[in-house]
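S.K.: Here my numbering is used: the first residue of the sequence shown is 1350, the next is one more, and so on.
C-beta: ideal position from N, C-alpha, C; glycine also.
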Amino acid sequence: MSSSALPMLTFGGVPAAIFLALLGAPASAQAATFDVDDPADAHDMNPGDGICQGWRPYGCTLRAAIEEANASAAHDLIRVPGPTTYSLELGHLLVSESVTIRGAAGVVVEGDGTSRVFHVVDGGVTITDLTITGGYLNEYEPGGGVYVGGDAQLHLVRCVVERNYANQQGSGIANFGSLHVDRTSVRENENLQFWDAGLGVTSTGGGIYNATNAMLIVEQSAIVGNKAFRGGGIANRNGYVWITNSTISGNVAKSRGAGLLVESAEGYLAEVDIERSTITNNELPYEDTTEPVGGAGIANVMSYVSIYSSIVAANEHEHLGIHEHAPDCADFAADIGDPWWLTEAGTYSSASYNLMGSLAGCDDFDPDSYDIVPTGDEPVDPELGPLVAWTPGGTELHMPLAQSPARLAGERCYLPPIPNTPIPDCFDVDQRGYLRAGGEQETDIGAYESNGVPPPPPPRGG
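#1: For arginine 1451 versus valine 1429, is the C-beta spacing smaller than 8 Å?
#2: Could you tell me how far apart the beta carbons of proline 1731 and threonine 1629 are, in whole angstroms, since I believe they sit closer than 8 Å?
#3: Quick check on tryptophan 1689: buried or exposed, where buried means 16 or more other Cβ atoms within 10 Å of its Cβ?
#4: Going by Cα to Cα distance, which pick from Pro1803, Asn1649, Ser1613 and Pro1754 is closest to serine 1659?
#5: Rounded to whole angstroms, what is the Cα-Cα separation between valine 1729 and glycine 1644?
#6: For aspartate 1384, count neighbouring Cβ atoms within 10 angstroms of its own Cβ and tell me buried if that reaches 16, exposed if not.
#7: According to DSSP, which residues form a beta bridge with phenylalanine 1681?
#8: Tell whether a beta-carbon distance below 8 Å holds between glycine 1483 and valine 1466.
#9: Check whether the Cβ atoms of leucine 1633 and glutamate 1612 sit closer than 8 Å, and answer yes or no.
#10: What span of residues does the beta strand (DSSP E) with isoleucine 1415 cover, start to end?
#11: Is it true that the CB of alanine 1675 sits closer than 8 Å to the CB of glycine 1710?
#12: Throw me the rounded Cβ distance for the serine 1626 and glycine 1695 pair, which I believe falls under 8 Å.
#13: Buried or exposed: alanine 1796, going by 16 or more other Cβ atoms within 10 Å of its Cβ?
#14: What does the alpha-carbon distance come out to for the pair tyrosine 1719 and leucine 1486?
#15: Could you tell me if glycine 1832 is buried or exposed, where buried requires 16 or more neighbouring beta carbons within 10 angstroms of its beta carbon?
#16: What does the alpha-carbon distance come out to for the pair alanine 1758 and leucine 1704?
#17: Which same chain residues, not among the five before or five after phenylalanine 1525, have their C-beta less than 7 Å away from its C-beta?
#18: Short of 6 Å in beta carbon distance, which residues of its chain neighbour alanine 1389, apart from the five on each side in sequence? Order them along the chain.
#19: Opposite glutamine 1502 in the DSSP bridges: which residues?
#20: If you draw a straight line from the C-alpha of tyrosine 1489 to the C-alpha of valine 1535, how long is it?
#21: Strictly by DSSP, which residues pair up with methionine 1705?
#22: Let me make sure I understand the geometry here. Which of Asp1680, Ala1738 and Trp1739 has the alpha-carbon closest to that of aspartate 1712?
#23: Using 10 angstroms around the beta-carbon of tryptophan 1591, count the other beta-carbons present and answer buried if the total reaches 16, otherwise exposed.
#24: Mapping DSSP to helix, strand and coil, what is serine 1464?
#25: Can you list, in chain order, the residues of its chain whose CB lies under 6 Å from that of alanine 1420, leaving out five sequence neighbours each side?
#26: Determine the extent of the beta strand (DSSP E) in which histidine 1747 is found, giving its start and end residues.
#27: From cysteine 1762 to glycine 1492, what does the alpha carbon distance come to, in whole angstroms?
#28: Which one of Asp1717, Thr1533, Gly1399 and Tyr1589 has the shortest CA to CA distance from alanine 1418?
#29: Quick check on this structure: which residue in Ile1721, Ser1698 and Asp1717 has the alpha carbon closest to the alpha carbon of glycine 1706?
#30: So, helix, strand or coil for glutamate 1791, using DSSP?
#31: What do you get for serine 1801, buried or exposed, if any count of 16 or more other CB atoms within 10 angstroms of its CB means buried?
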């Protein structure tokens, strides 16, 4: 099956390409630009007057600029210079209107240890080139670093969301609306109830939690080193997730889905499409629990997961539960307390060209679909290098070693593309932004393309 046979991704009937364009599309009416010039944390003196001025003796603070943008119906621009740490002292930054917050190298927005950092409730919001850290929610609320409300669309570009904490879902980010994580690292976020087996569903999504009817895109990004009782990296409960050219690695959970948890409940269906990504080195350490456990890479609870040209291998599962030997993928039927009609186990679908380390918890992959799968009891070793950032400030990934079976085992790619054929063109890029092939050859499986073509340098002044 070629990638051209994959269904067109849509969001509420809107094609994915159009959805992505609209996500950060600015409005045209009377947009203003606010230049932050004061790293202090102070409210704006008179929101709505078009002047970013913190309460004296402060200048244009980040909070004041956001409050001015909130008072405007236009899509304003806030420019945040660096390298500077903006330490919050007055609680989270509330964003309620469409705005672009443009950071720079070395810009850090740091929470005050008593609240989240960004609370986005409405509008189309784009945040670029900054680090979001220090969010801490000891109350039973979701979203330690960032909260995305049901009426909001947030686009994170070249950001880092790290070392945030929450008692409930989404220690890094909790998404109840539309979220596009783009060339961004979500790392080392931790649920405060990670050690508490009694909280179950509330301790989910150490990196990202995607809620009922929410939409999440993870593109050219890294979800690494996060912790939660369930869904250490990403937890998708009743929503839709598209993961492309990304790495999910080094996340930890106590129950299921250390890398990715996909869970349907309350009559909803959760769906995930995974393309050209790497899910590895996620861990379910031993825990004395009676809860069904499994799927250190992916745990699928009554949901639908489609995987194309991806590595799901070398994840670690130390539990002795019902999925004793299901380190990479596992499926589950209903939990106790779910409606009686939710009785089917999760479904995996191979869209071809995958490398699966173990099929103990999911047997939907085979060589007839050009998948690399175990031929005996031993799992397939993907032969990956350590987790590294490709460039300073870049997202983390695993490079396949020279002997890796993932190299040149993906779909054949032609340059230039041949019209009217099912053979894909080569204009897809890997996690680094490199073109997927340098000639008429097979591509690699996973997030990294070993023969990738570097992107052209940006134009002068661009």
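M.R.: Put simply:
#1: Contact: yes.
#2: That belief holds up - the Cβ atoms of proline 1731 and threonine 1629 are roughly 6 Å apart, short of 8 Å.
#3: Model confidence at tryptophan 1689 stands at a pLDDT of 41, short of 50, so the residue's coordinates are unreliable; what they give is reported in the following sentence. By the neighbour-count definition (other C-beta atoms within 10 Å, threshold 16), tryptophan 1689 is an exposed residue.
#4: Nearest of Pro1803, Asn1649, Ser1613 and Pro1754 to serine 1659, Cα basis: Pro1754.
#5: Taking the straight line joining both Cα atoms gives about 16 Å.
#6: Exposed is the call here.
#7: Partner(s): Val1650.
#8: Yes.
#9: No, Cβ-Cβ distance for leucine 1633 and glutamate 1612 is not below 8 Å.
#10: Premise fails: isoleucine 1415 lies in the alpha helix (DSSP H), 1411 to 1419, not in any beta strand (DSSP E).
#11: Yes. Within cutoff.
#12: Serine 1626 to glycine 1695, Cβ: 18 Å. No contact.
#13: Under this definition alanine 1796 is a buried residue.
#14: Taking the Cα positions, tyrosine 1719 is about 46 Å away from leucine 1486.
#15: The requested residue 1832 does not occur in the structure, where the chain is confined to residues 1350 to 1811.
#16: Cα to Cα, the separation comes out at about 9 Å.
#17: Sequence-distant partners of phenylalanine 1525 (beyond 5 residues in either direction) whose C-beta falls short of 7 Å from its own C-beta, in its chain, are Val1497, Gly1498, Gly1499, Ala1560 and Ala1563.
#18: Annotation for alanine 1389: Tyr1407 and Thr1410 place their beta carbon closer than 6 Å to its own, counting only its chain and skipping 5 residues before and after.
#19: Beta-bridge pairing links glutamine 1502 to Gly1473 and Ser1527.
#20: Answer to the nearest angstrom: the Cα atoms are 21 Å apart.
#21: Under DSSP, methionine 1705 shares a beta bridge with Val1661.
#22: Looking at Asp1680, Ala1738 and Trp1739, the one whose alpha-carbon comes closest to that of aspartate 1712 is Asp1680.
#23: The residue in question, tryptophan 1591, is buried, as its Cβ has 16 or more Cβ neighbours within 10 Å.
#24: Of the three classes helix, strand and coil, the one that applies to serine 1464 here is coil, per DSSP.
#25: Beyond the five residues adjoining it in sequence on each side, alanine 1420 comes within less than 6 Å, by CB distance, of Pro1396 and Gly1397 in the same chain, given in chain order.
#26: Judged by DSSP secondary structure, histidine 1747 falls within the beta strand (DSSP E) whose first and last residues are 1745 to 1749.
#27: Cysteine 1762 and glycine 1492: Cα-Cα distance of roughly 40 Å.
#28: Nearest option by C-alpha distance: Gly1399.
#29: Ranking Ile1721, Ser1698 and Asp1717 by Cα distance to glycine 1706 puts Ile1721 first.
#30: Reduced to three states, the DSSP call for glutamate 1791 is strand.
#31: For the record, residue 1801 in the displayed sequence is glycine; it is not serine. Answer is buried; the Cβ neighbour count reaches 16.
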